[in-house]
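Heads up: the sequence shown begins at 4 in the numbering used here, then just goes up one per residue. C-beta: ideal position from N, C-alpha, C; glycine also. Let me begin by presenting the structure, written as C-alpha cells, before commenting on it.
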Amino acid sequence: MKTHFPKERCLSVAFAAKILGDKWNPIIIRHLTDQKRRFSELQQQTGINPRTLSSRLGFLEEAAIVSRTVYPEVPPRVEYALTEKGCDLIPILKKMADWGDKYRCPGDE
Numbered sequence: 004m005k006t007h008f009p010k011e012r013c014l015s016v017a018f019a020a021k022i023l024g025d026k027w028n029p030i031i032i033r034h035l036t037d038q039k040r041r042f043s044e045l046q047q048q049t050g051i052n053p054r055t056l057s058s059r060l061g062f063l064e065e066a067a068i069v070s071r072t073v074y075p076e077v078p079p080r081v082e083y084a085l086t087e088k089g090c091d092l093i094p095i096l097k098k099m100a101d102w103g104d105k106y107r108c109p110g111d112e
C-alpha cells in the first residue's frame with residue numbers, strides 16, 4: 004500500500020529531518036533540555052570535537068533552535084539554551100528514543 008504525502012508535508016518532513024537527521028544535533032538538543040550550558044560544558048558532556056560543536060551550534064542558532072547569550076564579562080561568558088522552537092523538539096526526540104529502544108538491534112551503535 005502506497006502512502007501519499009502532499010508536497011507541503013514532504014517539505015515539512017525534509018525540514019525536520021534536516022534539523023534532527025544530523026548525528027550531533029539531537030545530542031546537543033538533549034543536553035540543553037534541562038538548562039543553559041556553556042560551550043565547554045557541552046563539549047565535555049557530549050565528547051563532540053570543538054570544531055564540529057561550534058559548527059552545529061551555529062547551525063542550530065541560525066535555525067532558531069538554540070539561542071546564544073554573551074555576557075559582558077572578562078573573560079567573556081557565553082551560554083547556549085533552547086528556544087521555544089527548540090523546546091518543541093523535546094517530545095519528538097523522546098518519541099524517537101522510544102522507537103529506537105523498541106527496534107534497535109543488539110550491538111547497534
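In terms of DSSP beta bridges, what is residue 84 paired with?
70
Use the C-beta contact count for residue 106: other C-beta atoms within 10 angstroms, 16 or more gives buried, fewer gives exposed.
exposed
If you compare alpha carbons, which of 72, 95, 93 and 94 is closest to residue 84?
72
Using the Cβ count rule (16 or more neighbours within 10 Å means buried), how would you classify residue 52?
exposed
Within a Cβ cutoff of 7 Å, which residues of the same chain sit near residue 33, ignoring the five residues on either side of it in sequence?
96
Sub-8 Å separation of residue 64 and residue 70 beta-carbons
yes
Going by DSSP, what residues sit across from residue 40 in a beta bridge?
83
Give me the residue from 18, 15, 62 and 101 with the minimum Cα distance to residue 27.
62
By how many angstroms is the C-alpha of residue 22 removed from the C-alpha of residue 15?
11 Å
Evaluate residue 50 with the Cβ neighbour count: other Cβ atoms within 10 Å of its Cβ, from every protein chain shown; 16 or more gives buried, anything less gives exposed.
exposed
Work out the CA separation of residue 60 and residue 39 for me, nearest whole Å.
13 Å
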